[in-house]
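The letter at position 29 of the sequence shown is residue 29 when you use UniProt numbering, and the numbering goes up by one with no holes. Glycine residues also receive a C-beta, built at the ideal position from the N, C-alpha and C atoms. Heads up: the structure comes next, in structure tokens.
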Amino acid sequence: MAESEKNYCGVERTLIVFKPDAVQRGIVGEILQRFERVGPKNSWCEK
């Protein structure tokens, strides 16, 4: 592994997948609000 790859800490993204029943029940907005309320969490980066 190259030295530049060892010290690289990339951007992380969250993928939220909604099941069809959540869409049918109309609770997608509520679920998104829960994620937004918690906010981003710190993640570790291996150096």
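{"Query": "Expected contact under 8 Å - CB spacing of A22 and I16 to nearest Å", "Result": "The Cβ separation is near 10 Å, so there is no contact."}
{"Query": "Three-state secondary structure assigned by DSSP to F18", "Result": "coil"}
{"Query": "Reduced DSSP category for V11 - H, G, I as helix; E, B as strand; rest coil", "Result": "coil"}
{"Query": "Alpha-carbon spacing of G39 relative to Q24, whole angstroms", "Result": "26 Å"}
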